[in-house]
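Heads up, the thing below is written out as structure tokens.
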Amino acid sequence: MHLYTSTIPSGNAYKVELLLAHLKIQYETTSLNILSTPSETRKPEFLTINPNGRIPVLVLDDGTPLAESNAILFYLAEETPYLPSTKLGRAHVLQWLFFEQYSHEPYIAVWKFCTYWGGFGSRSEDEIAKLKTRGQDALDIMEKHLEGKTFLADEMFSIADIALYAYTSAAEAIGFSVGENVKKWLKRVEEREGHVRINKDPTGKCPL
Ligand SMILES: N[C@@H](CCC(=O)N[C@@H](CS)C(=O)NCC(=O)O)C(=O)O
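For the sequence shown, position 34 (counting from the first letter as 1) is numbered 34 according to full-length UniProt numbering, and the numbering increases by one without interruption.
Structure representation (structure tokens):
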């Protein structure tokens, strides 16, 4: 397998790297510069791999490219301990994967990118306030859900936890308020055997 990732740490790529580490799957990588203008992911050769011009993309051994971090997680997790065996359990996992992409990543990942690499300069005050409020809302929903629970879906460590861990683990350092339930859950994820940290930032701007 071959993973297209980025030269700077990407939470979306990290989700896939974290699951591949847990599954002990060997793979090769190509790291693209998403800070260049245009981003290397927008060049014609990459657009033939992912017309949406974004990493991560996992190219399977038969050459089939698979884009969208959470789709990649779902593909890799089939018939492994990282996906519940019940129909409802799998739907609960999907519930969190969609939550991550619609209510969490668009705010917290963007906030992280602006904090370390992009700057907030091109955004209006309203837009900046919305990013912060909606990101905090997502963290507060997780905090409430995790009361009395060990993991997000069906009391088992699954790709729901891997998907949400990627950007939640950076949230406090970039100025969000992270509650005790989420903090304990982050620790539980980090204590799983096989856990790996996100790649270091070669630009040195991001400590996470
Ligand atoms: N929904 C996508 C989002 C992927 C995404 O936003 N990737 C960013 C890096 S984290 C990217 O490739 N940015 C470069 C660009 O948009 O040109 C996923 O979950 O994979």
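The beta carbon of each residue, even a glycine, is placed where N, CA and C say it ideally should be.
Legend entry - residue 202 beta carbon near ligand 1 (any heavy atom closer than 7 Å): no
Inset, instruction - Drop a sphere of 10 angstroms on the beta-carbon of residue 98, count the other beta-carbons inside from all chains shown, and report buried for 16 or more, exposed for fewer. - result: exposed
Inset, instruction - Could you name the residues of the same chain whose beta carbon sits closer than 8 Å to that of residue 202, not counting the 5 residues immediately before and after it, in chain order? - result: Annotation for residue 202: 7, 8 place their beta carbon closer than 8 Å to its own, counting only its chain and skipping 5 residues before and after.
Legend entry - Neighbourhood of residue 14 by C-beta, 7 Å cutoff - its chain only, sequence neighbours within 5 removed: 166, 198
Legend entry - Closest Cα partner of residue 79 within the set 90, 26, 121: In terms of Cα proximity to residue 79, the closest of 90, 26, 121 is 90.
Legend entry - Where residue 2 sits in the DSSP three-state scheme: strand
Inset, instruction - Assign residue 54 to one of two classes, buried (16 or more other C-beta atoms within 10 Å of its C-beta) or exposed (fewer than that). - result: buried
Inset, instruction - Grab me the residues of residue 40's own chain with a C-beta within less than 6 Å of its C-beta, minus the 5 sequence neighbours each way, in chain order. - result: 32, 33
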